[in-house]
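Right, one structure below, let's go through it.
Residue numbers (the numbering used here), protein chains in the order written: chain G, 97 to 1003; chain W, 55 to 176.
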C-alpha cells in the first residue's frame, strides 16, 4: 500500500520533470533550436490533449455503464481527422495568414472583426470549459485519495471521506503556476508555446503508456488472456449495453467530432500552435492511431473490473483500483500519474486558450474604451495583456475549483464532459458556415450562438444542478408548472435522451437563426471582405486586404502603438523589416495601406483581430473601404461561379449540338450513299446503251464486207440506243429539277377527268399493239384540280403505258377507274399482270428500279418513270400509291385534292 | 471443233453485237438473259467460256459467279465478267469471287475478242 507521502512525492517529481521539459524546450526554442519540438509527431501528441482524465478514467466507467457508447468519443475525432482533413487544413491556413489567436478570434475576425461576437464566444467558452476543468480537478483529487488511502472502501473507488477540497485547491494552484510560467511568456499568437507543447506531448506519452500498461496487466495477468476476458459473464453485459448506433450514438459521435474542432483547447493546439501545415498530414493518420491505442483496453478493463471488484465499486476508478486490488503499487502509481497527466495537460492548454480569449476579447475592449491614460509608454499594452492573462488563468482555475466544490457530490465524470462538448458544439454552425458560406453574417452568427447557448444552458446545464441549487420540480414539472417548458422535454418532446433532446433544440435553433438572419441581413463591407478572405483563403492571400481598405496614418503614431503592444524591441524589428521590404534605407517604413494592414495583422496575433482593428483605428487619420474594389472581388468570385455555370450550360449545349451534328452527319452519310448509288446507277444506265453504240460502231468500222441489210440494222440499233440515251438524260435532269423544286410550272385549275380521258386515248394505240384490253370507268366528271395540264397528262400516260408494257398475262387487261372521294380526285390504274412482290413495293418508287425487268427484259426505260411520276404529283399536292394487292396484278392510285370552290364558281 | 461461248446478258442489243464479233472469230455463241438460266445452261450445255453480265435479273452476276466457283463441276469454266458499273469496287468483288477477266461497258470489241481467245485457249 502506498502512503500519501509517496504519492505526493511522485506527483511532485513528475511535475518537476514537466517543468524541466518545458523549460528546456522553451530555452532551446528561444535559441532557435526547434528540432524535435517542431516535429509532426510532437504536434500530433499535443493534439491528444483531447484525451483528458475523463477519457483516462471515464471511458472505462462509461463502458461499464453503457457498453460500446464510449467508442463514440474516439470515433468523432477520427472521422474528422480522416475525412474532414480539408476543413482542418483550411482552419490552419486561415489561422496562420490572419494570425488568429483563438477560436473566438477566428469567428469574430470572420464576421467583420466584431467585438461583440468575440465577447459572446469567449463567454460561451468559459461557461463551457469551467465544468470541464472542474472535472479534471475532481478526477485528480479522487484518484489521489483513492490511491493514497487504501482501505477496503477506497477499493470501491470511493474515497472514505468527502472529496478533500484542499487537495483540489493545491492541484488547481499548481496548475495555475505552471500555466502562468509557461503559457504567458509572450503575447503573440505566432510565437508558439514551445515549452507547453513539449510538456503536453510528454504527458500524452505518459498517459498512453500508463493505460497500455494497466490494460496489458489486466488482460494478461488478472484476466488470463483476451479470450478469457471476453468469456467472463460480465462481458456479455458490457457488450450488450444500450442500443449501439441509435440516436444517442449518432449524437455522441457528432458531438465529439464537433468538439475536436470547436473546443478552445483543441483550436489552440491544432491551429494556433501549428508550426507547419504539413504536420496535419501526419496527424491525419497518427492521431486516429493514438486514439485507437488509448481505447484499446477500455472494454477488457471494464469487463474485468465488473467481474472481480466488489459490487458497487465506482467504475470510473477501475483503472486505478484493479492494480491496487492486486497489490501492484507501482502500476497503480503509474496509472495515477497517467491520470494526473491527462488532467494537467487539459487544464493547462484550456486555461491558456481561455486566458488569451478573455484578455483579448474582454479585457482589451474594456481598456480600449477607457479614457486614454499615459500615451506612448513602451510595451504598456503588452504588460497589461500579460497581467490580464495571468489573472485570467488564476480566475479560470478558481472558477473551475468553485464548480468542483459545488458539484463534488455528483459522481459521473462522463456526463460533465458531454455537457461541455454540447456547449462548445454551438460554435459549429458559425464556424463552418463562416468558412464556406459567403452570405453568413455577423448578426446571423450572433443570434444563432446566443439562442443556441441559452437553450443549451436551459436544457442541459441547468438540469445538471438538480438536487443542488435547482429544485427537482423545475425539471419534472417545468417552470411555473408549464409542462411545455420542461428543460428535458421541450414542447412535449418527452422520452428522448436528455443529451439528444438538448442537442436537437439548441443546435437546431442555432442553425435556423444563423441561416435565416444571415439570409435577411445584408453584410457590412468589412464583413463581406473578411468573408471573402476567409472562404477563398487558398485563392486570395491576406495581402489582398490592402486592395480594399485605404488607410493613412502618421508613422510615429503607428510606431507608438506597435511599441505599446509588442514592446520596443519587437516593434523596432517589425518596422525595420518592413522598411527593408519597401526598399527604404530608413528604419521607418512608409505608412501606406499595405503597411497598416500588415501591422494590424501582427497586432492581431497578440490581441485578437477585433481589438487590433480598434487600436489601429485610433491612430488612423483617414480610412476608406473601397467598396468598388470589394464589390469587384465579390464579383470576381461571382463571375467564376457564373462562368462555371455558363461552361456547364455550354457543355450541355455542346452535347446537344454534337448530338444534332451526329444525326445530321448520319443523314448526310445516308444521302451521300444514296448519291453514290444514284451516280453508280446513272453510270450503269448510260454505259449500257453506250456499250451497244460502241460495239456496233466498231463492227461497222472494222467490217467493210457487211451486207447493206446488216449495216442498216446495226445503224438502226445505234440510233435507237442514242435515243434511249437522250431520253435517259432528259429523265434524270427532269427528276433532278423536280426533286429540287426548280421547275417553274404554274399550277392552274384544270379538268382532271378530261386530261385522264385524253391520256387514255393517247395510249390506246399502244394498248392495241400489245393486245391489251383497256376498260375505263369514269365515275367522276368535270373535276377541277389545281395542276399543270401537260405534267398531269404525263403522269397518267406513264402509269397506263407501264401497265400495258409490263403486263405479261395471256389475256392482258387494264382497268382505269376515276372517282371523287373525301374531296380528292382518285384514279386507280389496275392491271392483271404479274403484280409486284411485297419486297419491292416501296422500292419501285425509287430511282432506277425496275420491278418488271425480271419478267420481261426489254430496254424500255431507266426505271425513273415511277419516281418522276410521284415527284410530279407531289408538286401538285397529290400522291401516288401502290394499293395493297387484291388478287392478280398491281393497282396504282393517284390522288389529287379537288378544287371545289373554283368548280362551284365555274358553275 | 470451235470453242463454245455462253453470253449471260439482259440487253438484247449487246447479245447481238457480242454474238456477231465472236461468231466472226469462229466461236459458237449462245445466250441467256437471267441469272437462273445461266446456271441451268452451264450444267445442261457446258460452254468453254462464259461472259457474265453483273446486272442480271433474278440472280446477279456476282451471285452466279459465286455459285459457279463453289460448284466443283463448274468452277473450271473461265468467266469473263462484264459490267456497266465500271467501279473499282466491282472489279475487286469480281476478282475476289474468282473471275478470270473483267471488262467494263462500253468495251472495245477487240479487247473482248482477245480476252476470250486467251480464256478459251488457256
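Beta carbons: idealized from backbone N, C-alpha and C, even for Gly.
| query | result |
| --- | --- |
| Given a cut-off of 8 Å, decide if residue 154 of chain G and residue 302 of chain G are closer than it, judged by their beta-carbon atoms. | no |
| Any beta-carbon of chain G closer than 8 Å to the one on residue 109 of chain W? | yes |
| Per DSSP, what kind of secondary structure is residue 952 of chain G in: helix, strand or coil? | Because residue 952 of chain G sits at a pLDDT of 37, beneath the cut-off of 50, its placement in the model cannot be relied upon, and the following sentence gives the value as read from the coordinates. Looking at residue 952 of chain G - three-state DSSP - the assignment turns out to be coil, as it is neither helix nor strand. |
| To the nearest angstrom, how far is the alpha carbon of residue 678 of chain G from that of residue 651 of chain G? | 14 Å |
| DSSP state of residue 122 of chain G, grouped into three classes? | helix |
| Mind listing the chain G neighbours of residue 173 of chain W? Cutoff is C-beta to C-beta under 8 Å, in chain order. | The premise fails here: residue 173 of chain W is roughly 19 Å from chain G at the closest Cβ pair, so nothing lies under 8 Å. |
| Short of 7 Å in beta carbon distance, which residues of its chain neighbour residue 893 of chain G, apart from the five on each side in sequence? Order them along the chain. | 855, 858 and 859 |
| Just mark residue 228 of chain G as buried or exposed, buried being the case when its beta carbon has 16 or more other beta carbons within 10 Å. | buried |
| Quick one: using the 10 Å Cβ neighbour count with 16 as the cut-off for buried, is residue 984 of chain G buried or exposed? | exposed |
| Taking only the alpha-carbon atoms, compute the straight-line gap between residue 933 of chain G and residue 766 of chain G and give it to the nearest angstrom. | 25 Å |
| Do we get a CB-CB distance below 8 Å when we pair residue 96 of chain W with the residues of chain G? | no |
| With 8 Å set as the bound, which would you pick, yes or no: does the beta-carbon of residue 988 of chain G sit closer than that to a beta-carbon of chain W? | no |
| CB-CB under 8 Å to residue 107 of chain G, same chain, minus the five flanking residues each way: which ones, in chain order? | 240, 432, 433 and 436 |
| Counting only beta-carbon atoms, is residue 747 of chain G nearer than 8 Å to chain W? | no |
| Please list the residues of the stretch 782-796 of chain G that have a C-beta atom closer than 9 Å to any C-beta atom in chain W, keeping them in chain order. | 782, 783, 784, 785, 786, 787, 788, 789, 790, 791, 792, 794 and 795 |
| Compare the C-beta of residue 759 of chain G against all C-beta atoms of chain W and say whether one is closer than 8 Å. | no |
| Please confirm if residue 146 of chain W has its CB atom under 8 Å from at least one CB of chain G. | no |
| From residue 357 of chain G to residue 363 of chain G, what distance separates their C-alpha atoms? | 6 Å |
| So residue 122 of chain G and residue 326 of chain G are in contact, right, with Cβ under 8 Å, and what is the actual spacing, rounded? | Contact doesn't hold; Cβ gap of about 46 Å is too wide. |
| Can at least three beta-carbon pairs, one atom from the stretch 193-201 of chain G and one from the stretch 687-703 of chain G, be found at a separation below 8 Å? | yes |
| From residue 490 of chain G to residue 335 of chain G, what does the alpha carbon distance come to, in whole angstroms? | 43 Å |
| Does DSSP put residue 875 of chain G in a helix, a strand or coil? | coil |
| Identify which residue in G:891, G:925 and G:890 has its Cα closest to the Cα of residue 903 of chain G. | G:925 |
| Identify whether residue 633 of chain G lies in helix, strand or coil by the three-state DSSP scheme. | coil |
| At a CB-CB cut-off below 9 Å, which residues of chain W make contact with residue 779 of chain G? | 138, 139, 140 and 141 |
| When you compare only the Cα positions, how much space is there between residue 662 of chain G and residue 236 of chain G? | 38 Å |
| Taking the beta strand (DSSP E) that residue 845 of chain G belongs to, which residues open and close that run? | 844-847 |
| In the DSSP assignment, the alpha helix (DSSP H) including residue 989 of chain G goes from what residue to what residue? | Element bounds for residue 989 of chain G: not the alpha helix (DSSP H) but the beta strand (DSSP E), 987-993. |
| Excluding sequence positions up to five away, which residues of its chain have a Cβ less than 7 Å from the Cβ of residue 117 of chain G? | 294, 295 and 298 |
| For residue 150 of chain G and residue 112 of chain G, what's the separation of their Cα atoms in angstroms? | 24 Å |
| I'd like to know if residue 156 of chain W contacts chain G, where contact means its C-beta is closer than 8 Å to some C-beta of that chain. | no |
| Nearest chain W C-beta to residue 817 of chain G closer than 8 Å, yes or no? | yes |
| Grab me the residues of residue 694 of chain G's own chain with a C-beta within less than 7 Å of its C-beta, minus the 5 sequence neighbours each way, in chain order. | 674 |
| Give the DSSP-derived three-state secondary structure of residue 73 of chain W in the structure shown. | helix |
| Beta-carbon separation of residue 441 of chain G and residue 485 of chain G under 8 Å? | no |
| What is the DSSP secondary structure of residue 173 of chain W, reduced to helix, strand or coil? | helix |
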